[in-house]
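Remarks on the structure that follows.
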Amino acid sequence: MPHFGRRLAAVTAALAMSVTTGAISPASADPRHTDKDPTATGYGGAVSTVDPEASAAAIEVLRKGGNAVDAAVAAAATLGVTEPYSAGIGGGGYFVYYDAKNKKVSTIDGRETAPAGIKQDAFIDPATGEPYRFTPELVTSGVSVGVPGTPATWERALKRWGSFSLEDALEPAIEVADRGFVVDTTFRQQTEDNQKRFAAFTSTKDLYLPGGQLPAEGSIFKNPDLANTYRLLADKGMDAFYDGPLAKEIAKTVQNPPKSSDTALPVPVGSMTEEDLEHYKVVEQKPTHVNYRGYDVYGMAPSSSGGTTVGESLNILDVFDLPALKDEPAVLHHYLEASALAFADRAKYVGDPAFVKVPTKALTDPIFGKERACELDPLTAAPKPLKTAGDVSSYDGSCPVDPASAADEKDTENISTTNMTVSDKWGNVVEYTLTIEQTGGSGMVVPGRGFLLNNELTDFSTVYSATDPNRIEPGKRPRSSMSPTILLEDGKPFLALGSPGGSTIITTVLQTLVNRIDLGMSTPDAIAAPRASQRNTASVTAEPAFIDKYGAELTSRFGHTLAKSGDSFTSAAEIGAATAIEFLEDGRVLAAAEPVRRGGGSAMVVKLSK
Ligand code: GLU
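Structure below.
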């Protein structure tokens, strides 16, 4: 087992400068990585993330003999420094791993859980008896903080498949937190978008609004508190997160948020206790599996709805010979309609399987998909929202006369989150999506610890209904949309991909697959192409470029209604920011990141040639 502990930090700068990839900046005295290249092709392992510091951390670990799991943890910890509003140890995520030795895909569910003491009326304001408003009450609160799963995910992944100690894997991130990273437009903008929330907490204001100011673009941002927290975990293991003083401080922050005296934000308190942290457990489970045009597609099973919803959509689309259509708008029409059908089923059936019976097998069964495909008219968009879900209790692939009624779905998921894809020279692959839910999570930094707590419990249905699979319950995981996905061809990796973007994660992954497989685009083109998302809502949410290119035809020829994307919180008009690796001939890999959205991502390879 390679062990270079503290040494790794010392060699970080020198090594990174000498890495020969298209994405590493030329040698200079400054060890910070700012250059971004959205594609890189080469050998010996690869990485794609949203951030050059995180990608460089992964490459460095790979070059030192670490495997894809070691590199993924190093990159994730670095993202906790450089993308702290999207992910970090205060959040959760889903880790999908392809093991080249046994050719198997495994997963870790590191989703946040509701505290044991949460009540079904937790989202009702006791003062008024009315539901809290989503904004500002719920999103900036203790009540929406789930017990974080990310530290336990890193620990489990390293233990099961890694070759590095936690100490070694955290070393690059500690280095970045200590020496600081260069503030870019996105970081500054996200801080500005959150300014009011961040100013509401003394701890958050101190860290992210130093001197009451937004961090200036181009300045160096250091997070010594987070470096120290990582050092503590490196030294004592993740028990130091879930038990002891840190757990106590997390519970205190949730129960008694460190509110600034002058804030007008209401900040409802939560009930999380030290015991909730002590009892947190990741879940290892089988991935979902469908076959799409010869590719074995593995995804994340519930508590995420990613695997079942991407999988069901693919099963529906598999009924149609889309590549033969040679008609882009028609292919996109099928994509939008299939996704709406799968979202209707997700709303009715998917929640945390530890609490509700989720028909994962039926939802990913090609016969069920064939039956659902009966509802897809190749020529006309069905009126949305669809009022019917598929009947998972009885299906045989023939067209039903009377489908079951669908649950109503309110979409309150946000657009934060981050995603990474990593491979190594042995052929192992990690696809990992992690989040603190909203950009900026709950807005609350644990005082003196340098990280934000999530507001993931807003992913529960905000109005309680006893028949809703995603109703709030003590100890339960809220339903996620995260969709880390790995495709195999004849047992070997073909493509791994994932994205941030709340419930549009599902459609981004699906559309990228349709672009790549059915429309024959290259993986970078499939990622860059303009996006649209149909989640069983009255209109299709679409990027302006998508509307410009396809809007007229999708409207006049098929009857779709398109609405411009744009999130009320950040006013971002972009959908997703995917990362992927495609596995080419002869051990060559193509790492691809988002070229433009969210300021563009960073793809790197270990070696340009064999
Ligand atoms: N909370 C979302 C989910 O689990 C992810 C948040 C986001 O991407 O904005 O699906």
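Residue numbers (the numbering used here): 21 to 630.
Cβ coordinates follow ideal geometry from the N, Cα and C atoms, glycine included.
Give the list of continuous alpha helix (DSSP H) stretches no shorter than 4 residues that lie fully inside the stretch 59-103.
Every unbroken stretch of the alpha helix (DSSP H) spanning 4 or more residues and falling wholly within the stretch 59-103 is given here in chain order: 72-83, 88-102.
Between the C-alpha atoms of T487 and S164, what's the straight-line distance to the nearest angstrom?
One-based indexing of the sequence shown puts residue 487 at position 467. One-based indexing of the sequence shown puts residue 164 at position 144. Answer to the nearest angstrom: the Cα atoms are 21 Å apart.
Considering just the uninterrupted stretch of the alpha helix (DSSP H) at A362, what are its terminal residues?
Against the sequence shown, residue 362 aligns to sequence position 342. Residues 348-369.
So does the stretch 166-179 actually touch the stretch 257-274, counting three or more Cβ pairs closer than 8 Å?
Using a Cβ-Cβ distance cut-off of 8 Å, the stretch 166-179 and the stretch 257-274 are in contact, since at least three pairs of beta carbons, one from each stretch, lie closer than that value.
If you follow the alpha helix (DSSP H) that E332 is part of, which residue opens it and which one closes it?
Here residue 332 corresponds to residue number 312 of the sequence shown, with the count starting at 1. 326-338 is the span of the alpha helix (DSSP H), which, as asked, contains E332.
Coarse secondary structure for F261, derived from DSSP in three states
On the sequence shown, position 241 is the one that residue 261 refers to. Note: F261 maps to helix in three-state DSSP.
For Q233, count the other beta carbons within 10 Å of its own beta carbon; 16 or more makes it buried, fewer makes it exposed. Which is it?
Position 213 of the sequence shown, counted from the start, is the residue given in the question as residue 233. So Q233 ends up on the exposed side.
Apply the 10 Å Cβ neighbour rule to K496 and answer buried if 16 or more other Cβ atoms are within range, or exposed otherwise.
Locating residue 496 in the sequence shown gives position 476, where the first residue counts as 1. The residue is buried, with at least 16 neighbouring Cβ atoms inside 10 Å.
Neighbour-count burial assignment, D341, 16 or more Cβ in a 10 Å radius:
Translated into the one-based positions of the sequence shown, residue 341 becomes position 321. Counting Cβ neighbours within 10 Å, D341 comes out exposed, since fewer than 16 surround it.
Using a threshold of 6 Å, is the CB atom of S501 nearer than that to any non-hydrogen atom of the ligand GLU?
Stepping through the sequence shown from its first residue, residue 501 is reached at position 481. S501: yes, Cβ under 6 Å from the ligand GLU.
Residue from N474, K445, A548 with nearest C-alpha to P513:
The residue given as residue 513 occupies position 493 in the sequence shown. Ranking the options by Cα distance to P513, first place goes to K445.
When you compare the CB positions of T453 and G518, do they come within less than 7 Å of one another, or not?
Working through the sequence shown from its first residue, we reach residue 453 at position 433. Working through the sequence shown from its first residue, we reach residue 518 at position 498. Yes, Cβ-Cβ distance for T453 and G518 is below 7 Å.
For A220, which residues from the same chain have a beta carbon less than 7 Å from its beta carbon, with the 5 sequence-adjacent residues on both sides left out?
Position 200 of the sequence shown holds residue 220. For A220, the CB contacts under 7 Å within the same chain, skipping 5 residues up- and downstream, are T160, K279, S280, T283, L285, V287, G463 in chain order.
Would you say P520 touches the ligand GLU, meaning its beta carbon is less than 6 Å from a heavy atom?
In the sequence shown, counting from the first residue as 1, residue 520 sits at position 500. Answer for P520: yes, Cβ within range of the ligand GLU.
Would the C-beta of D141 count as close to the ligand ADP, meaning under 6 Å from any of its heavy atoms?
No copy of the ligand ADP appears in this structure; the ligands present are the ligand GLU.
If you follow the alpha helix (DSSP H) that Y250 is part of, which residue opens it and which one closes it?
Position 230 of the sequence shown, counted from the start, is the residue given in the question as residue 250. It spans 244-256 - the alpha helix (DSSP H) in which Y250 sits, taken as one unbroken run.
Under the three-state DSSP convention, the category S184 falls into:
Along the sequence shown, one-based indexing puts residue 184 at 164. First, the amino acid is wrong: residue 184 is Phe here, not Ser. Coil.
Specify the secondary structure class of D568 as computed by DSSP and reduced to three states.
As a working note, residue 568 is residue 548 in the sequence shown. Helix at D568.
Can we say the stretch 608-627 touches the stretch 59-79, given the rule of at least three CB pairs closer than 8 Å?
Three or more beta-carbon pairs drawn from the stretch 608-627 and the stretch 59-79 are found closer than 8 Å, and the two stretches are therefore classed as touching.
Output the boundary residues of the beta strand (DSSP E) element that contains G112.
Numbered from its first residue, the sequence shown carries residue 112 at position 92. From DSSP, the beta strand (DSSP E) with G112 extends over 112-119.
On the premise that A402 lies in contact with S68, defined as a C-beta separation below 8 Å, what is that separation, rounded to the nearest angstrom?
In the sequence shown, counting from the first residue as 1, residue 68 sits at position 48. In the sequence shown, counting from the first residue as 1, residue 402 sits at position 382. The pair is not a contact, with the Cβ atoms about 36 Å apart (cut-off 8 Å).
When we look at the beta-carbon of R217 and count the other beta-carbons within 10 Å, is it buried (16 or more) or exposed?
Counted from its first residue, the sequence shown places residue 217 at position 197. Within a 10 Å sphere around the beta-carbon of R217 sit 16 or more other beta-carbons, which makes this residue buried.
Where does K84 land, buried or exposed, given buried means 16+ other C-beta within 10 angstroms?
For this step, residue 84 is matched to residue 64 along the sequence shown. Classified as buried, K84 has 16 or more neighbouring CB atoms from the shown chains inside 10 Å of its CB.
For P171, which of helix, strand or coil comes out of DSSP?
For the purposes of this step, residue 171 is identified with residue 151 of the sequence shown, where counting begins at 1. The answer is helix: DSSP assigns P171 an H, G or I state.
If we count the other Cβ atoms within 10 Å of its Cβ and call it buried at 16 or more, is V101 buried or exposed?
As a first step, residue 101 must be located in the sequence shown, where it is residue number 81. It is buried - the Cβ of V101 has at least 16 other Cβ atoms within 10 Å.
Given the structure, does E594 come close to the ligand GLU, in the sense that its CB is under 6 Å from one of the ligand's heavy atoms?
Translated into the one-based positions of the sequence shown, residue 594 becomes position 574. Not a single heavy atom of the ligand GLU lies less than 6 Å from the C-beta of E594.
Given that a residue counts as buried once 16 or more other Cβ atoms are within 10 Å of its Cβ, and exposed if not, what is L190?
Taking the first residue of the sequence shown as position 1, residue 190 is located at position 170. The C-beta of L190 has 16 or more other C-beta atoms within 10 Å across all chains shown, which makes the residue buried.
Beta carbon of S436: closer than 6 Å to some heavy atom of the ligand GLU?
Looking up residue 436 in the sequence shown gives position 416. Because some heavy atom of the ligand GLU lies under 6 Å away, the Cβ of S436 counts as near it: yes.
Alpha carbon to alpha carbon, what distance is there between A572 and P168?
Here residue 168 refers to the residue found at position 148 when the sequence shown is read from its first residue. Here residue 572 refers to the residue found at position 552 when the sequence shown is read from its first residue. Spanning the two alpha carbons is a distance of roughly 45 Å.
DSSP state of L345, grouped into three classes?
The residue you call residue 345 lines up with position 325 of the sequence shown. Under the three-state reduction of DSSP output, L345 falls in the helix class.
If you follow the beta strand (DSSP E) that L507 is in, where does it begin and where does it stop?
As a working note, residue 507 is residue 487 in the sequence shown. Bounds of the beta strand (DSSP E) holding L507 are 505-509.
Limits of the beta strand (DSSP E) - the one that K124 falls within:
What you label residue 124 is simply residue 104 of the sequence shown in a count that begins at 1. Start and end: 124-130.
M624 - partner residues in DSSP beta bridges:
Within the sequence shown, numbered from 1, the residue matching residue 624 stands at position 604. M624 is bridged by DSSP to V67.
Is any non-hydrogen atom of the ligand GLU found closer than 6 Å to the C-beta of T173, if you look at the structure I gave you?
Residue mapping note: residue 173 aligns to position 153 of the sequence shown, counting from 1. Incorrect: T173 has no Cβ contact closer than 6 Å to the ligand GLU.
Length of the line joining the Cα atoms of K346 and H353:
Taking the sequence shown and counting its residues from 1, the one referred to as residue 346 is at position 326. Taking the sequence shown and counting its residues from 1, the one referred to as residue 353 is at position 333. In this structure, the alpha-carbon of K346 lies about 13 Å from that of H353.
Should G257 be flagged as near chain D, meaning a C-beta pair shorter than 7 Å?
Any reference to chain D falls outside this structure, which holds one protein chain only.
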